[in-house]
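Visitor: Encoded as structure tokens, here's the structure I'll be asking about.
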Amino acid sequence: MTIAFLVKLLAAPLMIALASLAGKRWGPNIAGLMGGLPLVGGPVVLALWLTRGPEFAAEVALAAPVGVWANIVYMLLVGFASARWAWYVAIPIGWLGYLASGLLLNLLGLAHALWLGLLVLPGLWFAATRWLPRPSAAPRVAQLPRIEIATRMAAAAGLVLSLTAAAGLFGPTLTGIFTGAPIAATVIPAFTFANAGRDALLLALRGFLTGLMGFTVFFYVLGYSIPSLHAWAFLPALLAGLAVGLFATKLARRVG
């Protein structure tokens, strides 16, 4: 069993478990924040580094921020669809919008457009504070049994293994766009919506949107640092991503 396979199998599910436990302790908004950070995308790029080399990983990392636009579409569609349909309808609607948006970005050749990637940051801000529907009441407290945590981890592992397995078919550019695939934003919101209701879901989605600001910064720092820092590039990228995600969430709470 290779190190790359262990990274794919264990890293993302462990991050999902940590985000879920944080949500249990501090609420769905914090679970969303952690899920929006590169808890899944980071291990995906690390696994691609180990299997396909640093050049492939750098190209994937630099395409990831533009792919966040597809995440914005996903979050908004799930948020609006949840007013009418249950999670098992709202989540697939979001995924259809995500895939269509990602493929369109690739078709238009915009994956490495720095200006479009930087515009993601205000786009996420407006999506979180202005466009996403607001909760109508405080969410009810939901239990988080161990079997649910295990199920969330298994779902995350399956999605990560599928994405990394498809990387050879996609190539680095399309893989980069889909590195931000809403894996955590599928697992956590689905369980949150089913167990705690729509108000908790909307808080989680808002956390995801602000957390994705840290995701964007993480991948830009990573992509531009790999040529000079090599594997050490993950450290400043992670610190920068965490700092931006936490700052954005704190600011969004004041505005909201």
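In our numbering, the protein residues as written are 767 to 1022.
Built from N, CA and C at the ideal position, the CB exists for glycine as well.
Note that this is a predicted model, so its numbers are computed, not measured.
With a cut-off of 8 Å, do at least 3 Cβ pairs link the stretch 816-826 to the stretch 990-1007?
Guide: yes
Visitor: Are the CB atoms of P804 and F944 within a distance shorter than 8 Å?
Guide: no
Visitor: Please report the straight-line C-alpha distance between M767 and I915, rounded to a whole angstrom.
Guide: Confidence is the limiting factor: at M767 the pLDDT is only 49, short of 50, which leaves the residue's position unreliable, though a coordinate-based value still follows. So the two alpha carbons sit approximately 25 Å from each other.
Visitor: Which of the three DSSP states is assigned to I859 in this structure?
Guide: helix
Visitor: Measuring only the C-alpha atoms, how far is A852 from A1009?
Guide: The alpha-carbon atoms of A852 and A1009 are separated by roughly 34 Å.
Visitor: On a Cα-Cα basis, can you pick out the residue from A950, Y840, A962, A830 that is closest to L882?
Guide: A830
Visitor: Report the rounded CA-to-CA distance for F936 versus A903, giving the unit in angstroms.
Guide: 43 Å
Visitor: Helix, strand or coil: how does DSSP classify G875 here?
Guide: coil
Visitor: By the 10 Å Cβ neighbour count, where 16 or more other Cβ atoms means buried, how is T982 classified, buried or exposed?
Guide: buried
Visitor: Mind checking which residues open and close the alpha helix (DSSP H) that includes S991?
Guide: Residues 964-995.
Visitor: Of the residues R918, L940, V926, A923, which one's Cα is nearest the Cα of P955?
Guide: R918
Visitor: Rounded to a whole number of angstroms, what is the C-alpha to C-alpha distance between A893 and I838?
Guide: C-alpha separation (whole angstroms): 7 Å.
Visitor: If you run the structure through DSSP and keep just helix, strand and coil, what is A1009?
Guide: helix
Visitor: Which value, in whole angstroms, describes the spacing of the CA atoms of R912 and A788?
Guide: 14 Å
Visitor: Who are the near neighbours of G989 in its chain, counting only those whose CB is closer than 7 Å to its CB and skipping five residues on each side?
Guide: Excluding residues within five positions, the ones whose Cβ falls inside 7 Å are A824, A827, L828.
Visitor: Measure the alpha-carbon distance for A1003 versus N961 and round it to whole angstroms.
Guide: Distance between the alpha carbons of A1003 and N961: 34 Å.
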